[in-house]
Every structure is written in structure tokens, then in C-alpha cells.
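K.L.:
Next up is a structure, given as C-alpha cells.
Numbering (UniProt numbering), first residue to last: 1 to 177.
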């Protein structure tokens with residue numbers, strides 16, 4: 001078996017949890033371990049060499065409540081050299097000015113601490129096929145999201161395909177680093 005992947009998520013309405021389970025299913029059995037950060041300290045992430053963090057954007061660009069309660073712990077994580085990918089849930093129609101903002105905020109928080117800045121970022125996702133006004137989760141001249149962007153409110157019909165493509169991309173990226 002390859003190095004186990006720790007997938008840490010926060011989920012209020014179960015959509016992020018369902019996405020986490022779908023991501024897990026794209027890998028070999030036992031390769032991805034799921035952790036709801038409501039029940040597990042974020043420090044547990046340090047035990048994994050490969051990490052996936054998942055969260056949703058709430059209301060007007062706010063962080064999901066379980067992540068918010070652990071936000072101060074992010075800067076304490078020792079992630080230098082670890083491979084990290086992100087995925088987020090958002091509503092590009094109802095909250096078009098804040099689409100995936102929490103995803104971008106998590107990316108920025110990871111980049112702002114010396115202990116997390118040295119992680120190897122994987123899983124950037126193209127922004128084609130979405131229709132929104134603004135997002136804090138865009139990089140590279142706004143061409144890519146900092147991770148997989150899912151919208152179960154307005155584009156649920158694309159989620160399974162996006163998850164499968166993103167996981168295939170992650171596997172390729174992991175094989176090359």
C-alpha cells in the first residue's frame with residue numbers, strides 16, 4: 001500500500017462529508033483515512049505525509065464552523081515537506097461574490113505560517129465551467145482555484161466527474177513529487 005492519506009474535513013450539512021467519502025472511494029481501500037475535525041484534533045494531521053483538507057464557505061465568505069473553531073491551530077501544525085491538497089464546497093449562484101472564499105482563506109492561512117508554509121501544494125483546479133463574480137480561492141492570474149471547487153447547490157451534476165478527475169490528477173501529482 002502507498003503512504004496513507006489523511007483527509008480532514010468539516011461538514012455542517014453533510015455535503016462536505018459526502019464529498020470526502022467520494023474522494024476516499026477514488027483511492028484504494030485503506031489508502032485514505034477520513035477525519036471530521038469536529039471529533040479529531042487538527043494536530044492529528046501531522047501523522048500523515050499526504051493530506052487533503054476539505055471545508056465549505058458559509059454565508060458571505062465565512063469559514064465552516066468546525067474549521068473556525070480550529071483555525072488558531074493551523075499555525076501550530078508542522079507541515080513542512082508534507083503534500084497538501086484542498087477541496088471546498090460553495091454556492092456560485094446564491095453567493096456569487098464569495099464563491100469558495102473559505103477555500104482561499106485556508107490556502108492563505110497555510111501560506112502565512114513558517115510551520116505550514118513549507119508544505120508541497122497539490123491539486124490546483126481550473127476555473128473553467130463555473131460562473132461567479134469573485135473568489136478568494138483563485139491563483140495564477142485567476143486561472144485556477146487553490147483546490148477542487150465543488151458546488152452542490154448549482155452544479156451538483158458535475159461533482160462526481162470533477163471529483164474523479166481531481167483524484168486522478170492528485171495521483172499523478174503524488175507520483176511525480
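Idealized CB from N, CA, C, for every residue including glycine.
When you compare the CB positions of residue 122 and residue 85, do they come within less than 7 angstroms of one another, or not?
P.N.:
What you label residue 122 is simply residue 122 of the chain shown in a count that begins at 1. What you label residue 85 is simply residue 85 of the chain shown in a count that begins at 1. Taking 7 angstroms as the Cβ cut-off, residue 122 and residue 85 qualify as a contacting pair.
K.L.:
List in chain order: all unbroken alpha helix (DSSP H) runs of 4+ residues lying wholly within the stretch 67–141.
P.N.:
101–111, 114–117
K.L.:
Using the beta-carbon count (16 or more within 10 Å), is residue 9 buried or exposed?
P.N.:
Residue 9 sits at position 9 when you count from the first residue of the chain shown. Label assigned to residue 9: buried.
K.L.:
On the three-state DSSP scale, how would you describe residue 45?
P.N.:
In the chain shown, counting from the first residue as 1, residue 45 sits at position 45. Of the three classes helix, strand and coil, the one that applies to residue 45 here is helix, per DSSP.
K.L.:
Nearest CA to the CA of residue 97: which residue from 127, 131, 50?
P.N.:
Here residue 97 refers to the residue found at position 97 when the chain shown is read from its first residue. Considering only alpha carbons, the answer is 131.
K.L.:
Between the C-alpha atoms of residue 49 and residue 4, what's the straight-line distance to the nearest angstrom?
P.N.:
Numbered from 1 along the chain shown, position 49 holds the residue referred to as residue 49. Numbered from 1 along the chain shown, position 4 holds the residue referred to as residue 4. When rounded, the distance between both Cα atoms is 8 angstroms.
K.L.:
How many Å lie between residue 152 and residue 51 at the Cα?
P.N.:
Residue numbering aside, residue 152 sits at position 152 when the chain shown is read from its first letter. Residue numbering aside, residue 51 sits at position 51 when the chain shown is read from its first letter. C-alpha separation (whole angstroms): 23 angstroms.
K.L.:
Return the CA-CA distance between residue 154 and residue 108, expressed in angstroms with no decimal places.
P.N.:
Along the chain shown, read from residue 1 onward, the residue named residue 154 stands at position 154. Along the chain shown, read from residue 1 onward, the residue named residue 108 stands at position 108. So the alpha carbons of these two residues sit roughly 26 angstroms apart.
K.L.:
Evaluate residue 168 with the Cβ neighbour count: other Cβ atoms within 10 Å of its Cβ, from every protein chain shown; 16 or more gives buried, anything less gives exposed.
P.N.:
The count along the chain shown starts at 1 and reaches residue 168 at position 168. Looking at its Cβ environment, which holds fewer than 16 other Cβ atoms inside 10 Å, residue 168 is exposed.
K.L.:
Determine the direct distance from the alpha carbon of residue 95 to that of residue 134, and round the result to whole angstroms.
P.N.:
Mapped onto the chain shown, residue 134 falls at position 134. Mapped onto the chain shown, residue 95 falls at position 95. Going from the Cα of residue 134 to the Cα of residue 95 covers about 9 angstroms.
K.L.:
Would you mind sorting residue 117 into buried or exposed? The rule is 16 or more other CB atoms within 10 Å of its CB.
P.N.:
What you label residue 117 is simply residue 117 of the chain shown in a count that begins at 1. Taking a 10 Å sphere around the C-beta of residue 117, we find fewer than 16 other C-beta atoms and assign the residue as exposed.
K.L.:
Return the CA-CA distance between residue 148 and residue 87, expressed in angstroms with no decimal places.
P.N.:
Residue mapping note: residue 148 aligns to position 148 of the chain shown, counting from 1. Residue mapping note: residue 87 aligns to position 87 of the chain shown, counting from 1. Using only the alpha carbons, I get a separation of about 4 angstroms.
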